[in-house]
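See structure below.
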Amino acid sequence: MLASGGVSGFIGNKMVSIVHECPLYLCLLLPFLLIFLFFSAPVIVILMIAASFGDIVFSGVIPLGASHVPKYYSPGGGNNIKTQTLVFMICGSLFGALHCIAWNFTFPTYAEQMLWRVTSLAVAVIPIVFVGFAIPTLIFRHRTTGVVLWLSRFLLAMQFFLYMLARLSLLVQALVLLRKQPTGAFRDIDWLKFIPHL
Numbered sequence: 000m001l002a003s004g005g006v007s008g009f010i011g012n013k014m015v016s017i018v019h020e021c022p023l024y025l026c027l028l029l030p031f032l033l034i035f036l037f038f039s040a041p042v043i044v045i046l047m048i049a050a051s052f053g054d055i056v057f058s059g060v061i062p063l064g065a066s067h068v069p070k071y072y073s074p075g076g077g078n079n080i081k082t083q084t085l086v087f088m089i090c091g092s093l094f095g096a097l098h099c100i101a102w103n104f105t106f107p108t109y110a111e112q113m114l115w116r117v118t119s120l121a122v123a124v125i126p127i128v129f130v131g132f133a134i135p136t137l138i139f140r141h142r143t144t145g146v147v148l149w150l151s152r153f154l155l156a157m158q159f160f161l162y163m164l165a166r167l168s169l170l171v172q173a174l175v176l177l178r179k180q181p182t183g184a185f186r187d188i189d190w191l192k193f194i195p196h197l
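Numbering of the sequence shown is given in numbering that gives the first Met the number 0, commencing with residue 0 and proceeding in unit increments.
Quick look at the structure:
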């Protein structure tokens, strides 16, 4: 068999036999599986980023019986949750503010420009609103009823999800916008004007 068709013929024949042996319902479910994988990938990425943030927030605590310190360990880092929340708010808002610099840049379409504006503004504003909800929740968590505490935690989780979605959208947009650059992006730079010793 290898002599007549080579390796590619062998692989092709093997694939045809697998398809013929596959039940019909699996072939019908394949498109739905691919659609599910396509739409679940952003959710998986958001959950992985959230898990990393959790590692950073609780990095000052070494679990009992641990053989090594956590990945982002800093002594005493897990003791002051209010300070950590404030640092996250400042860093997140600065990240969004940096993306707001491109507010009036040239975009291929008006829809992409508006999407960039909305997501960069969301990344800049959501951390401030998050702290507005988080600090009272942390201060009054022992004195609030179950419904109020549940509602505040739900709102915090929704804000965190929206923030991660906006961050992911900015990342995808930055890659998609590379398809159509303005002419100035292709201009050669004469480095001798800026760095004379070269």
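Even for Gly, the Cβ is constructed at its ideal location relative to N, Cα and C.
Note to self: Output needed for R178: all residues of its chain with C-beta closer than 8 angstroms, excluding positions within five of it in sequence on either side, in chain order.
What the structure shows: P107
Next item on the list: Can you give me the Cβ contacts of L167 inside the same chain, cut-off strictly under 7 angstroms, excluding the 5 residues immediately before and after it?
Entry: P41, V44 and I45
Next item on the list: Just mark H67 as buried or exposed, buried being the case when its beta carbon has 16 or more other beta carbons within 10 Å.
Entry: exposed
Next item on the list: Please work out which residues of its chain come closer than 7 angstroms, Cβ to Cβ, to M163, disregarding the five sequence neighbours upstream and downstream, and give them in chain order.
Entry: I45, I48 and A49
Item checked: Runs of alpha helix (DSSP H) lying entirely within the region 89 to 135, each at least 4 residues, in chain order -> none
Checklist line | Rounded straight-line distance, which links the Cα of T82 to that of F94 | finding: 18 angstroms
Check: Assuming I127 contacts M157 under a Cβ cut-off of 8 angstroms, what Cβ separation, rounded to an integer in Å, is found between them?
Finding: Wrong, their Cβ atoms sit about 15 angstroms apart, outside the cutoff.
Checklist line | Cβ-Cβ distance between S151 and F132 below 9 angstroms | finding: yes
Check: So is L120 in contact with chain D if we call contact Cβ pairs under 9 angstroms?
Finding: The structure shown contains no chain D; it holds only a single protein chain.
Margin query: If you reduce the DSSP assignment to three classes, tell me which class R186 lands in.
Written below: coil
Check: Any idea if L97 is buried or exposed, counting beta-carbon neighbours within 10 angstroms, 16 or more meaning buried?
Finding: exposed
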